[in-house]
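In our numbering, the protein residues as written are 1 to 212.
In this text, a Cβ means the ideal position worked out from N, Cα and C, and glycines have one as well.
Remember, predicted model here, so these are calculated numbers, not experimental data.
Structure first, commentary second.
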Ligand SMILES: Cc1cc2nc3c(=O)[nH]c(=O)nc-3n(C[C@H](O)[C@H](O)[C@H](O)COP(=O)(O)O)c2cc1C
């Protein structure tokens with residue numbers, strides 16, 4: 001049997017030691033990310049690497065503020081409190097020594113362009129884009145990164161929660177790339193000694209269907 005421990009041992013890490021990560025290791029992980037498949041090999045990703053503690057903390061503050069602002073839409077205190085109850089899951093990158101911002105751009109589907117120019121009905125065009133191939137490539141790249149990090153003994157957390165503050169984050173870090181948007185973030189570091197166990201999976205038979 002293949003040794004897939006690096007897959008089975010990965011779990012989301014939300015608490016990190018204050019240990020710097022060698023640049024060489026960060027580059028190795030990013031390289032692993034770029035070996036992910038992407039639609040028509042468009043490699044529609046871009047990675048922004050943050051290691052400045054002050055900047056990372058400021059980014060967490062922006063996410064909290066944005067979350068509070070959105071939470072103010074709640075019509076009562078109870079729903080506001082429920083909304084705010086997830087905030088630690090959106091800011092748990094704040095003590096990571098490295099945070100990777102993962103940008104993605106749209107998958108340029110040639111058939112879509114051709115059919116649109118030929119006045120294909122919108123419902124057909126919608127079916128073509130419904131798999132969100134660009135976003136799937138980002139997921140594949142992030143997963144490569146997480147698994148490579150797991151193999152190298154690092155902890156990571158894949159995060160999309162904080163992206164609601166993307167405009168504020170971009171203003172803070174002074175980065176933008178035309179056509180690209182912030183899709184997700186990865187926190188990276190050496191895990192704290194005691195971290196919560198990996199959550200159990202649904203039984204395999206509940207999530208698979210063989211068709212003979
Ligand atoms: C697309 C995606 C978005 C996620 N966003 C967050 C997030 O914003 N904050 C967080 O703490 N975890 C986030 N997670 C991590 C999940 O909570 C975690 O993977 C899941 O609970 C299973 O736990 P495990 O990764 O330890 O196996 C995200 C995972 C994925 C795949």
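Residue i CB to nearest heavy atom of ligand 1 below 7 Å
{"i": "residue 136", "result": "no"}
{"i": "residue 150", "result": "no"}
{"i": "residue 191", "result": "no"}
{"i": "residue 199", "result": "yes"}
{"i": "residue 160", "result": "yes"}
{"i": "residue 89", "result": "yes"}
{"i": "residue 92", "result": "yes"}
{"i": "residue 133", "result": "no"}
{"i": "residue 11", "result": "yes"}
{"i": "residue 157", "result": "yes"}
{"i": "residue 82", "result": "no"}
Pairwise C-alpha distance: residue j and residue i
{"i": "residue 176", "j": "residue 151", "result": "31 Å"}
{"i": "residue 197", "j": "residue 119", "result": "53 Å"}
{"i": "residue 101", "j": "residue 56", "result": "11 Å"}
{"i": "residue 15", "j": "residue 94", "result": "9 Å"}
{"i": "residue 163", "j": "residue 189", "result": "20 Å"}
{"i": "residue 24", "j": "residue 4", "result": "24 Å"}
{"i": "residue 202", "j": "residue 87", "result": "26 Å"}
{"i": "residue 109", "j": "residue 77", "result": "45 Å"}
{"i": "residue 49", "j": "residue 186", "result": "10 Å"}
{"i": "residue 113", "j": "residue 123", "result": "14 Å"}
{"i": "residue 53", "j": "residue 174", "result": "16 Å"}
{"i": "residue 33", "j": "residue 146", "result": "8 Å"}
{"i": "residue 134", "j": "residue 103", "result": "11 Å"}
{"i": "residue 89", "j": "residue 129", "result": "30 Å"}
{"i": "residue 44", "j": "residue 132", "result": "12 Å"}
{"i": "residue 66", "j": "residue 199", "result": "28 Å"}
{"i": "residue 75", "j": "residue 2", "result": "53 Å"}
Backbone secondary structure at residue i - three-state DSSP
{"i": "residue 196", "result": "coil"}
{"i": "residue 187", "result": "strand"}
{"i": "residue 7", "result": "helix"}
{"i": "residue 66", "result": "helix"}
{"i": "residue 204", "result": "helix"}
{"i": "residue 28", "result": "helix"}
{"i": "residue 21", "result": "coil"}
{"i": "residue 55", "result": "helix"}
{"i": "residue 211", "result": "coil"}
{"i": "residue 49", "result": "strand"}
{"i": "residue 77", "result": "helix"}
Nearest candidate by alpha-carbon position, reference residue i, set the options
{"i": "residue 17", "options": "197, 127, 117, 155", "result": "155"}
{"i": "residue 7", "options": "149, 166, 163", "result": "149"}
{"i": "residue 12", "options": "157, 36, 174", "result": "157"}
{"i": "residue 30", "options": "19, 46, 20, 112", "result": "46"}
{"i": "residue 179", "options": "2, 105, 82, 28", "result": "105"}
{"i": "residue 85", "options": "194, 64, 96, 75", "result": "64"}
{"i": "residue 61", "options": "91, 36, 22, 39", "result": "91"}
{"i": "residue 22", "options": "126, 97, 171", "result": "97"}
{"i": "residue 140", "options": "165, 41, 2", "result": "41"}
{"i": "residue 51", "options": "70, 35, 20, 80", "result": "20"}
{"i": "residue 111", "options": "211, 39, 99", "result": "39"}
Proximity test, Cβ basis, 8 Å: residue i and chain D
{"i": "residue 22", "result": "Absent from the structure is chain D; it holds one protein chain and no more."}
heavy atom of ligand 3 below 7 Å from residue i C-beta
{"i": "residue 78", "result": "Judged by which ligands are present, ligand 3 is missing from the structure shown, whose ligands are ligand 1."}
- Task: Enumerate, from N- to C-terminal direction, the unbroken alpha helix (DSSP H) stretches of 4 or more residues contained entirely within the segment 98-175.
- Result: Taking 4 residues as the shortest admissible run, the segment 98-175 contains the following complete alpha helix (DSSP H) segments, listed from N- to C-terminal end: 110-117, 122-129, 133-151, 166-173.
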